[in-house]
Each structure stands twice: as structure tokens, then as C-alpha cells.
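Okay, so here's the structure we're looking at.
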Amino acid sequence: MAESSSKSSTPKRAIKTISLPHTHKLWPVVKEKLQKVAEKKELGPDALAGVILVSPEWGLDKPPVLSVLKKVLGKGDYYTVESFSEDILPYIAKRALAVEELFSDHEGIPLLLSGANGFVSFNRYQTSCILALAFFHLLPRSGTHSSRYQQLSLIDILEAGFFQAQQSKCLCILGYFDRLVKSEREGDEDFMKRRISIERRALGREMSSVDYWKNSDVLLGGFDVSASGVIEEHDGALQVDFANEYIGGGVLQQGNVQEEIRFVINPECLVSLLVCEAMYKHESILITGAERFSSYRGYGGGFTYAGPYTDPNPVDPVSNRCIVSIVAIDAIPAAWLPGGASYQFKSDAILRETCKAYCGFSFSDVPSDAGGNRSPVATGNWGCGAFGGNKLLKTLVQWMSASQANRSLCYYTFGDTGLSEKQVKMKECLLEAKVTVGQLFGVLAEEDFADRAREKGIFEYVMEKLGKDK
813 MAESSSKSST PKRAIKTISL PHTHKLWPVV KEKLQKVAEK KELGPDALAG VILVSPEWGL
873 DKPPVLSVLK KVLGKGDYYT VESFSEDILP YIAKRALAVE ELFSDHEGIP LLLSGANGFV
933 SFNRYQTSCI LALAFFHLLP RSGTHSSRYQ QLSLIDILEA GFFQAQQSKC LCILGYFDRL
993 VKSEREGDED FMKRRISIER RALGREMSSV DYWKNSDVLL GGFDVSASGV IEEHDGALQV
1053 DFANEYIGGG VLQQGNVQEE IRFVINPECL VSLLVCEAMY KHESILITGA ERFSSYRGYG
1113 GGFTYAGPYT DPNPVDPVSN RCIVSIVAID AIPAAWLPGG ASYQFKSDAI LRETCKAYCG
1173 FSFSDVPSDA GGNRSPVATG NWGCGAFGGN KLLKTLVQWM SASQANRSLC YYTFGDTGLS
1233 EKQVKMKECL LEAKVTVGQL FGVLAEEDFA DRAREKGIFE YVMEKLGKDK
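Numbering (this note's numbering), first residue to last: 813 to 1282.
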């Protein structure tokens, strides 16, 4: 059974669980169909379609066409109809059938509810079973437990459109299961016993107040800037997921930006969609141990699968988790709010973003180095794409939050050398002046900060107010 626990004094809500399909009255019918696929009595994409229950109760009103899957297999660049039919699909069916053994107590999987701290952990036998059920569209629709959850179903990834990016997401999913097929052939039980954990944390009321931040005497800490490189390749860091409040964002549909890409190249992150209710403004979610299985290039519509990937990160011998820590924090969708992007400069918005980032950066169970130093935060332009966030403002907010959490900040600008140069200049100025988190927050929270920043520039105004020669 999945492990679960509560890790805080936050007021508890009643423990809720989500039922798995083997407890449903239609399971005997589904089981029989899955067994035929597992035994290779029915083959190919049509066999997959034959298992899927077409019913409003399961959130599907018509039979799937599986156009993306068929397109990918027809091309045959990585996987063919034959390899899918003979190896991958029968394996996925076996993993789905394992639900009876792996979750035999019928208690369901614990949910991580909004507003409450919580923790769940799964081994790879369990995560692959959950994702196999999602592949066959056999997990409950979100409305069966709360509209504040996403439904974990991979059908849209296999079904919707012919765009290159969508085909690449499909290939990432196939690549994950193909790797597990190879692991089974090699008898690598240690690989399957590895675990992932998903932890939800809500920030306390005291740390969410203006006074807490204005009174902080913590000095701004280390700050490295890089115009090249990517967050997911910063080994040993706490890696930031530019999340949607509904974790995973559009990964199951046609979203192809930072969070969605991360969740298909590290596909065990997808399990969080099943168990995590939407985040409140003072919450964050930490996923530990989700390994990367795919290489890629490009972004957005140019996202392209580039073959299998072997994660180089070591496995922690105590927790049996790969040392990969991904923290999900959702930014304000400033561009979509009344008043547009200008809202993010208001003091309540700056407080919200600072608390959100701090909630994520202050998770305690991310490994430290041999000297006891907390791992750095690897981040970038959080909330600065479709959400309309200001890169300069988000730089300062994340630097404050990381410093308060006793972590250094590693900021990837994704080729924006102009931003990198501004950040380095600002960093040197504020570090030389020994500026504290409280001093910086005080400037950002000024009533007329937006006007002053508009007149002089954000970094320029901050440096004028807090620099050594102020």
C-alpha cells in the first residue's frame, strides 16, 4: 500500500481517499479485456481502445481514435506498431492488472487536501500501475471526488491532434514504459523498488504576514546567474516547477511549456495529479525521487522528443529515492487578472508571491551537502510566460525567499543575456551593501513602488534605495 502521513500541526481535515478501478462493479469486464491484451490475444492500438470504457461515469462520451499514438507508431522513428503490440502494450496491461495485488486493501489512495500538510509515497511497482491505469483511462474522473483535482488520464496525449509537440509527449510516455519493459527483462528488481514521495505543505499564518518579512534580518544570500543550461540538469538542487494551481497544468491536454515538459520527461510526476487537490496561495508541493526518462529539445510548439534518457542522479540508500527534488509553486496569473500585469506590483501580490516561493523553498527534507549547507534553488522566469510576470520583479522575490530559507539561488535566464547582465549588476550592488531580506521586502512593499519602478526601472530603483551609496 502507498505510505501516507501527516507532518504538521496544521488543522487536519478528514482523511479522504480515491478508489481504484478494481473496487468498481465493472472491474470484472475490464479485467477480462486487460488479460487478453496482456496475453497478446488482442494487439495494437485497437486493443487499447477496446479496453477503454466509454461512459460519462468515466469521463468519456465516445470511443477514442488514438490519432497521435497511431501517427507516432506509423512513423516508426522510435517505436513501431509491432514493438508496441508485442512488448509495450502487453506490459502496460500487466501493470494495470497488478492493481489488485498492489492496492489489495481496498482503502484507496490517500489524497493530499488543500490547506493541510500531508505526505504519500509509492514504489515504482505502484507508480507504474497507476500510470498504466491512466493509459487505459481507468482512473476516476475528477468530479467523483472533487472538482479541484485533475483527472489522471493519458487518453488526450494519445488522442488529440497531430502537432509535433503532442507526438513528442506521447513518445515520452511510451519511452517510460519501454524502459520498464527492459528492466523486467533484465530482472532489475532494485529499479522497480525505488520510491517517489509527494509532500504538500501549507505555510503558517505568522510567516504569511507583512511584518514577518519586513522584520527579517536575514542577509540576502548567494545568487548565481546563467544564460545557458536548464533547471532539470542542475543535479542536487531543489528544482522549481513553474506550476499551475492545478498541478501539472495542461500536461494532459496540449500544454507544452515548462511544467508540462517536466511532467512528461519525468512521468512519475504525473501521479501527483491523482492525489493533489489544487493549491491555495500559501501552499506548495514537493515531488522527490521522480527520475527523468526522456531527452528532448525545444519548447512550446517546438518541443521535440530526442530519445531515451538515463538519469545520472544517485539513489538515497535510506529513502530509496533518486536524489531529484522538484518543488511546484504556482505564480499569480497577473496577465489574466483585472488591471492586468500591473497587479503584480501591489504589496499584497508581492507578499503572496514571496510567501508562495518561500513555502516551496523551505521544505526541510531536501538533502544538504556534506557540510550541512542546504541545496541551492534552481529556478528561472517563474510565472513570466503566459502568466505575464515581470522577470526583474520575480528575480527579487525568489532571491528574498531563497535567502530566508537559507538557500542560494541559481537563476537560469534561458539565453536572455540582457537579463543576466542586469541581475549580476543588481546582485553585486545589494550584496556589497549587505542588504537584508526585510530591507528589500520593505522597498518592494512601498505603496508607490510600482510608480517609482516604472519611472526609474525596477533594479535601478532598488539599487538607488538600498545600494552602498544610498
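In this text, a Cβ means the ideal position worked out from N, Cα and C, and glycines have one as well.
Simplified DSSP state of residue i, which is helix, strand or coil
i     : result
S926  : coil
C984  : helix
I1144 : coil
I1270 : helix
R960  : coil
V932  : strand
G955  : Any answer about G955 is weak, because its pLDDT of 45 lies below 50 and its placement is not dependable; what the coordinates show is given next. Helix at G955.
R1133 : strand
I1059 : coil
V1127 : strand
V1069 : coil
V1236 : helix
V1042 : coil
Residue i to residue j span [Cα, whole Å]
i     : j     : result
C1088 : S1154 : 31 Å
D1000 : K1234 : 49 Å
V1249 : D1023 : 12 Å
G955  : I830  : Per-residue confidence for G955 stands at a pLDDT of 45, beneath the threshold of 50, marking its modelled position as unreliable; the derived number appears in the next sentence. Their backbone Cα atoms lie some 11 Å apart in a straight line.
T1207 : A1217 : 15 Å
S940  : V1209 : 37 Å
K1093 : S1174 : 15 Å
L943  : C1196 : 31 Å
E898  : Y890  : 15 Å
R1017 : R1266 : 32 Å
Q981  : V1076 : Here residue 981 turns out to be Lys, not Gln, going by the sequence shown. Answer to the nearest angstrom: the Cα atoms are 6 Å apart.
L1252 : R1219 : 17 Å
L1243 : K1268 : 21 Å
K906  : L925  : 31 Å
T835  : D990  : 28 Å
F975  : V1274 : 44 Å
N1185 : L950  : 44 Å
Where the beta strand (DSSP E) containing residue i begins and where it ends
i     : result
P1120 : 1116–1120
A1055 : 1050–1055
D1023 : Here D1023 belongs to no beta strand (DSSP E); instead the alpha helix (DSSP H) covers 1022–1026.
F1035 : 1035–1038
Start and end residues, alpha helix (DSSP H) containing residue i
i     : result
E1011 : Not the alpha helix (DSSP H): E1011 falls in the beta strand (DSSP E), residues 1007–1014.
Y1223 : Looking at the DSSP string, Y1223 is not in any alpha helix (DSSP H); the run it does join, the beta strand (DSSP E), is 1221–1224.
A1285 : Since the first and last residues shown for the chain are 813 and 1282, residue 1285 lies out of range.
S1159 : 1159–1173
I969  : 967–971
Q847  : 839–850
V1247 : Looking at the DSSP string, V1247 is not in any alpha helix (DSSP H), and its letter there is neither H nor E.
L1289 : Nothing can be reported for residue 1289, as the shown portion of the chain is limited to 813 through 1282.
E913  : 911–914
7 Å CB neighbourhood of residue i in its chain, flanking five on each side removed
i     : result
Q1156 : I1144, A1146, G1201, N1202, L1205
V863  : V842, K845, L846, V849, F948
G1192 : I1043, Y1223, Y1224, T1225, F1226
T1229 : A1039
E1057 : A1090, M1091, D1142
L914  : Y937, Q938, C941
S1213 : T1166, A1169, Y1170, F1173
V893  : G856, L885
P1126 : I1135
Minimum Cβ-Cβ distance from residue i to chain C less than 7 Å
i     : result
V1076 : Any reference to chain C falls outside this structure, which holds one protein chain only.
Own chain, CB closer than 6 Å to residue i, minus 5 neighbours either side, in chain order
i     : result
F896  : L885
V1037 : Y1223, S1232, Q1235, V1236
S995  : F1003
A1118 : S1107, Y1108, R1109
L865  : none
L1050 : S1137, V1139, V1178, S1187, V1189
E1011 : F931, L1098
Q1065 : D968
K1239 : F1035
S1215 : V1030, L1032, G1033, V1249
N1078 : A1102, R1104
Query - Within the stretch 856–907, ranges of the alpha helix (DSSP H) (whole runs, at least 4 residues) - result: The alpha helix (DSSP H) runs of length 4 or more contained entirely in the stretch 856–907 are, from start to end of the chain, 856–863, 879–887.
Requested in this report: Report the residue ranges of all beta strand (DSSP E) runs contained in full by the stretch 1078–1121; include only those spanning at least 3 residues, in chain order.
Outcome: Annotation: the stretch 1078–1121 contains the following complete segments of the beta strand (DSSP E) (minimum length 3 residues), in chain order: 1095–1100, 1106–1109, 1116–1120.
Query raised in the report: What residue ranges within the stretch 1183–1234 form continuous beta strand (DSSP E) runs of no fewer than 3 residues, ordered along the chain?
Result: DSSP runs (the beta strand (DSSP E)) wholly in the stretch 1183–1234: 1189–1191, 1221–1224.
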